[in-house]
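Novice: In my numbering, the protein residues as written are 25 to 262.
Below you'll find the structure I mean.
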């Protein structure tokens, strides 16, 4: 259960060095408690940047989107759990999910399954040989995640209500591609506002460029936090 609405905002540290990540955190001035480290920053700075953020009392979402043979996934997940990260991503394939859950062991780290990347359209699925529609593919992979004892999924805010309708509160839903009103969509095919994502059932929101590229990142993060708090208060009343 999320006790503090401020925990729902995850800042994507989509930067190319540890120094850039630390500068961005300085610029958000305490408005963020949860950060996402993806492939770019992890490749540049390695596990040391994860340890640094944990020492600074941030929660860390390590977003490596593993898609490999089971033994590799299991061992890599065990290493991630040992680092002390809060969330860790793998692709929604049954063997991969089972391996990740096994590798995590008794650690409190949450295993999150990638459903469909938020920059993909129906045509991209066809090109990859997937005949499902995006909503059907997302739901099928979310069901697989639940069956394999994963803790949650990564899903577009457009699809969260479908997952909640079919699976209730079985899974955490983390929604990337969040774009506050009036900000560019960039490469997101299915961008949604914080309010829409939360109303649809998202638990956590991942925001990158709207904060990173803002003239005043602290102000941008604060405005998103205010929107999250207002929506959460409204949802509690209803």
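Glycine is no exception: its CB is placed at the ideal position from the N, C-alpha and C atoms.
Please state the DSSP three-state secondary structure of residue 131.
Specialist: coil
Novice: Assuming residue 177 contacts residue 222 under a Cβ cut-off of 8 Å, what Cβ separation, rounded to an integer in Å, is found between them?
Specialist: No, residue 177 and residue 222 are not in contact; Cβ-Cβ is about 16 Å, not under 8 Å.
Novice: Identify the continuous beta strand (DSSP E) that holds residue 179 and give its terminal residues.
Specialist: No beta strand (DSSP E) holds residue 179; DSSP gives it neither H nor E.
Novice: Need the endpoints of the beta strand (DSSP E) that residue 4 sits in, please.
Specialist: Residue 4 is absent from the structure shown; the chain starts at 25 and stops at 262.
Novice: Would residue 162 count as contacting chain D if we go by Cβ distances under 8 Å?
Specialist: In the structure shown, chain D cannot be found, because there is only a single protein chain.
Novice: Using the Cβ count rule (16 or more neighbours within 10 Å means buried), how would you classify residue 98?
Specialist: buried
Novice: Considering only DSSP beta bridges, list what residue 85 is partnered with.
Specialist: 60, 111
Novice: Measure the alpha-carbon distance for residue 68 versus residue 84 and round it to whole angstroms.
Specialist: 16 Å
Novice: Can you grab the Cα-Cα spacing for the pair residue 102 / residue 128, in whole Å?
Specialist: 5 Å
Novice: Please report how far the alpha carbon of residue 141 lies from the alpha carbon of residue 118, in whole angstroms.
Specialist: 18 Å
Novice: By the three-class DSSP mapping on this structure, what secondary structure does residue 26 have?
Specialist: coil
Novice: Count the other CB atoms within 10 Å of the CB of residue 91; is the residue buried (16 or more) or exposed (fewer)?
Specialist: exposed
Novice: For the candidate residues 57, 96, 70, whose alpha-carbon lies nearest to that of residue 246?
Specialist: 57
Novice: Excluding the 5 residues flanking residue 232 on each side, which residues of the same chain have their C-beta closer than 7 Å to its C-beta?
Specialist: 36, 38
Novice: Output the boundary residues of the alpha helix (DSSP H) element that contains residue 49.
Specialist: 42 to 52
Novice: Residue 36 lies in the beta strand (DSSP E); which residues open and close that run?
Specialist: Segment 33 to 36, the beta strand (DSSP E) holding residue 36.
Novice: How many whole angstroms separate the CB atoms of residue 197 and residue 240, which I take to be in contact at a CB cut-off of 8 Å?
Specialist: Incorrect: roughly 29 Å between the Cβ atoms, too far for contact.
Novice: For residue 190, which of 166, 205, 174, 181 has the nearest alpha-carbon?
Specialist: 166
Novice: Using CA atoms only, rank isn't needed, just tell me which of 188, 187, 182 is closest to residue 203.
Specialist: Nearest C-alpha to residue 203: 182.
Novice: I need the DSSP call for residue 219, collapsed to helix, strand or coil.
Specialist: helix
Novice: Go ahead and pull the three-state DSSP assignment for residue 100.
Specialist: helix
Novice: DSSP three-state label for residue 202, please.
Specialist: strand
Novice: If distances are taken between C-alpha atoms only, which option among 133, 200, 132, 120 comes closest to residue 169?
Specialist: 120
Novice: Checking the sheet assignment: what are the DSSP bridge partners for residue 137?
Specialist: 114, 177
Novice: Suppose you measure from the CA of residue 248 to the CA of residue 218; what does that come to, to the nearest Å?
Specialist: Each residue's alpha carbon lies about 7 Å from the other.
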